[in-house]
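Using numbering that gives the first Met the number 0, you'd call the opening residue of the sequence shown number 0 and step up by one each time. Even for Gly, the Cβ is constructed at its ideal location relative to N, Cα and C. Only one structure is covered here, and it is reproduced in the block below.
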Amino acid sequence: MLEKIISGGQTGADRAALDAALDAGFPIGGACPVGRMAEDGPLDPVYTLDEIGGGYRQRTKRNVQDADGTAIFYSAYPRGGTEATVLFCIRQAKPYKLIDIDLVTYETAATLLDDFVREFDVRVLNIAGPSASHCNGIYHYVNHSTRLFLSHKIGADRH
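Laid out in structure tokens, this is it:
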């Protein structure tokens, strides 16, 4: 059963997932760079992430390592830090799910998340993807998809 959603706290996909989880009262976590840095400045203390050295790349590696599986949102193809996330998953032999926001609806993305979590018995789910400055609409898409996923997950777990 899913216990926590983690991410690196960057704008865009990371922050969208954390916000959706917080709004649902669902536990969050993850690693972020020392100084809690993101492209829009230091992270708000509401995001209870662990600061680690090594910058964004080390943060990405650590979140893949600490998760049972990683959902990776992208548009067209993974690039930059999103591509690095895929590579870390492969190198660490960790399960991952790629979700192209241009090809699937919010509802389908939520179903893909649910199927992924069930198939791999994911207790800690890392949600990753591009920052807001690198992908228009990524925050809204990931936030809405994660909200749908959590509303079904929380509802199902209560029954």
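What does DSSP give as the partner residues of residue i in its beta bridges?
i     : result
CYS31 : GLU50
ASP67 : Paired residue(s): none; ASP67 is not in a bridge.
Residue j and residue i - do their beta-carbons sit closer together than 9 Å?
i      : j      : result
PHE72  : VAL121 : no
VAL103 : GLU2   : no
TYR105 : SER144 : yes
GLN9   : GLU38  : yes
ILE126 : ASP13  : yes
Quick one: Cα of residue i to Cα of residue j, how far?
i      : j      : result
ILE5   : GLY79  : 20 Å
VAL94  : GLY68  : It should be noted that the sequence gives Pro, not Val, for residue 94. C-alpha separation (whole angstroms): 5 Å.
GLN91  : GLN64  : 7 Å
GLY24  : THR47  : 13 Å
ARG117 : LYS152 : 10 Å
For residue i, which of the options has the nearest alpha-carbon?
i      : options                        : result
PRO129 : ASP43, LEU112, LEU97 and GLN64 : LEU97
ALA66  : VAL33, CYS134, GLY7 and GLY40  : GLY7
ILE27  : MET36, GLY34, ASP49 and GLY40  : ASP49
ASP18  : HIS139, LYS152 and HIS151      : HIS139
Please report the Cβ distance between residue i and residue j, rounded to the nearest whole angstrom; I am assuming they are in contact, meaning their Cβ atoms lie under 8 Å.
i     : j     : result
ALA70 : LEU42 : Not quite, the Cβ-Cβ distance comes to about 20 Å (not below 8 Å), so this is no contact.
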